[in-house]
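Residue numbers (the working numbering), protein chains in the order written: chain B, 386 to 494; chain U, 58 to 176. Each residue gets a CB set at the ideal place from its N, CA and C atoms; glycine is no exception.
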């Protein structure tokens, strides 16, 4: 079992819609959770971090964490074509950072 | 520095030659990570440093790969006798510390990568 699992997609949504990205992790002792965005040919950039159960909102982005279910998600509201990228879920277990393989998102104008 | 700095940004080398890739982490960051990403693929963990020591070298693909970190700062990833399958972007990242402590969680930041092409 991989430490972090994501649906590889591709996920396509129309412009203005809500994009929902999901991630599960295996280590119950995991402490911190992150979402990175990676444009083609670029390095990953941090867009959200979440540490406590519940929702955390930042502009059009909302991260959701459920430690009991070992599940973290990212919602992107009012999706824009510029949101088209690969989204990486990352988990810090306290010993190591683990990355998922990423979900490719395409926002269709 | 302000961000993670990597050099060279691009490197084309002949098969069989050795290459060195350099990473200068964010000032004050004690943890440093090397990842590899082949075209269209996910991140492949190579090695992680805490200070100058490497608690986890499990991701190094073969004994042709080695890495060191000196002075708790700059790290060098060396690939000996390069092969065409080594062609990829090599990403370095750093964080203030590994894991969570009394100051809270830590976040990992990436450099722009070193694009290696072996011909």
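For the segment 115–140 of chain U, the beta-carbon criterion of a distance under 8 Å to any beta-carbon of chain B is satisfied by none of its residues. In the structure shown, residue 112 of chain U falls within a strand segment according to DSSP collapsed to helix, strand and coil. Nearest C-alpha to residue 485 of chain B among B/464, B/419, B/440 and B/451: B/419.
A contact between stretches requires three or more CB pairs, one per stretch, nearer than 8 Å, and the segment 58–68 of chain U fails this requirement with the segment 115–125 of chain U. Across the structure, residue 169 of chain U and residue 423 of chain B are spaced so that their CA atoms are roughly 11 Å apart.
Excluding its 5 nearest sequence neighbours in each direction, residue 398 of chain B has C-beta neighbours in its own chain below 8 Å: 404, 464, 490, 491, 492 and 493, listed in chain order. In chain order, 139, 140, 141, 175 and 176 place their CB closer than 8 Å to the CB of residue 72 of chain U, counting only its own chain and leaving out the 5 sequence neighbours on each side. By the 16-neighbour rule on beta-carbons within 10 angstroms, residue 96 of chain U is exposed. Scanning its chain for C-beta atoms nearer than 6 Å, with the 5 sequence neighbours on each side dropped, one finds around residue 82 of chain U the residues 61, 89 and 151, in chain order. For residue 153 of chain U, no Cβ of chain B is located within less than 9 Å of the residue's own Cβ. Taking C-beta atoms as the reference points, residue 108 of chain U and residue 129 of chain U count as a pair closer than 9 Å.
Its chain contains 464, 465, 466, 492, 493 and 494 as the residues whose beta carbon lies nearer than 8 Å to that of residue 400 of chain B, once the 5 sequence neighbours on both sides are disregarded; these appear in chain order. Pairing residue 488 of chain B with residue 415 of chain B, the inter-Cα distance amounts to about 21 Å. Any Cβ of chain U closer than 9 Å to the Cβ of residue 483 of chain B would place that residue at the interface, and such an atom is present. When Cβ-Cβ separations below 9 Å define contact, residue 104 of chain U makes no contact with chain B.
In the DSSP assignment, residue 407 of chain B falls within the beta strand (DSSP E) that extends over 404–410.
Taking C-beta atoms as the reference points, residue 79 of chain U and residue 146 of chain U fail to come closer than 9 Å.
Here the C-alpha atom of residue 106 of chain U lies approximately 37 Å from the C-alpha atom of residue 462 of chain B. For residue 446 of chain B, no CB of chain U lies under 9 Å from its own CB, so it is not counted at the interface with that chain.
Per DSSP, residue 489 of chain B is one residue of the beta strand (DSSP E) stretching across 488–493. Counting only runs of 3 or more residues that sit fully inside the segment 58–119 of chain U, the beta strand (DSSP E) segments are 62–64, 67–70, 76–81, 88–94, 101–107 and 110–113, in chain order. By a beta-carbon distance limit of 8 Å, residue 406 of chain B contacts residue 459 of chain B. Their separation comes to about 4 Å.
DSSP places residue 399 of chain B inside the beta strand (DSSP E), whose first and last residues are 396–399. Residues of chain U whose Cβ lies closer than 8 Å to the Cβ of residue 395 of chain B do not exist; the shortest such Cβ separation is about 12 Å.
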